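Engineer: I have a structure here, written as structure tokens, and I will follow up with some questions on it.
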Amino acid sequence: MSEVLIKTIDLENGLELKLYDSSRKVAGDRWFVSLIARIEIPTNDSLLKEDGSPSLNIEEIRKILGEKLLFEQKRERIFINEKEKDEIMKEIQGSFLSSSLSYLSHSDFPQKYILKKFNEKIKKGSWYKDTPPTNNTSC
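Residue numbering for the sequence shown follows the working numbering, starting at 310 and increasing by one per position.
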């Protein structure tokens with residue numbers, strides 16, 4: 310599936326939102342129209358609270374999540390007439406920006422998103438540790 314960068318937006322929190330068109334032809338004159346929104350979030354000292362105290366252990370976060378974290382959302386419509394696909398893409402893009410731009414631009418967004426993903430990874434990892442090994446040797 311190919312992706313075409315259609316728009317880049319500099320957010321108020323210093324991050325960059327990139328919008329991609331990953332639409333593809335399905336059958337005949339019908340299209341799968343797909344918008345992908347991505348933000349690369351660095352796991353760096355921006356995780357410090359305004360008072361200067363660390364809100365999270367940055368090294369632990371980097372160990373679990375890496376140097377960068379990718380935020381991604383998709384908006385999709387299926388079986389769209391070829392004549393309507395460009396207009397549908399504009400509608401999807403407009404709808405996404407009107408509903409998400411202020412949230413993604415908020416100064417707390419990077420820290421909260423990183424914390425959410427960090428906690429998900431920790432919880433998932435602890436779940437696997439609590440699962441006893443099985444002696445199932447049957448096929």
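Yeah, the Cβ is synthetic: ideal placement off N, Cα and C, and Gly gets one too.
Note that this is a predicted model, so its numbers are computed, not measured.
Look at the Cβ atom of PRO419, then the Cβ atom of LEU324, and state whether they are nearer than 8 Å.
Structural biologist: Yes, Cβ-Cβ distance for PRO419 and LEU324 is below 8 Å.
Engineer: Between the C-alpha atoms of GLY361 and ASP354, what's the straight-line distance to the nearest angstrom?
Structural biologist: Its pLDDT being 47, under 50, GLY361 is placed unreliably by the model, and nothing is read from it.
Engineer: Taking just the CA atoms, how far does PHE405 sit from LYS334?
Structural biologist: 22 Å
Engineer: I'd like to check one pair, LYS394 with SER332: are the Cβ atoms closer than 8 Å?
Structural biologist: In this structure, SER332 lies near LYS394, with their beta-carbon atoms less than 8 Å apart.
Engineer: So, does the region 377-384 touch the region 337-355, judging by three or more C-beta pairs under 8 Å?
Structural biologist: yes
Engineer: Tell me which same chain residues have a C-beta within less than 6 Å of the C-beta of TYR329, skipping the five on either side of it?
Structural biologist: GLU312, LEU314 and ILE345
Engineer: Under the three-state reduction of DSSP, which class applies to SER416: helix, strand or coil?
Structural biologist: coil
Engineer: Please classify PHE388 as buried or exposed, where buried requires at least 16 other C-beta atoms within 10 Å of its C-beta.
Structural biologist: exposed
Engineer: Is the beta carbon of ILE350 less than 8 Å from the beta carbon of TYR422?
Structural biologist: yes
Engineer: Which residue comes first and which comes last in the alpha helix (DSSP H) that contains LYS372?
Structural biologist: 367-374
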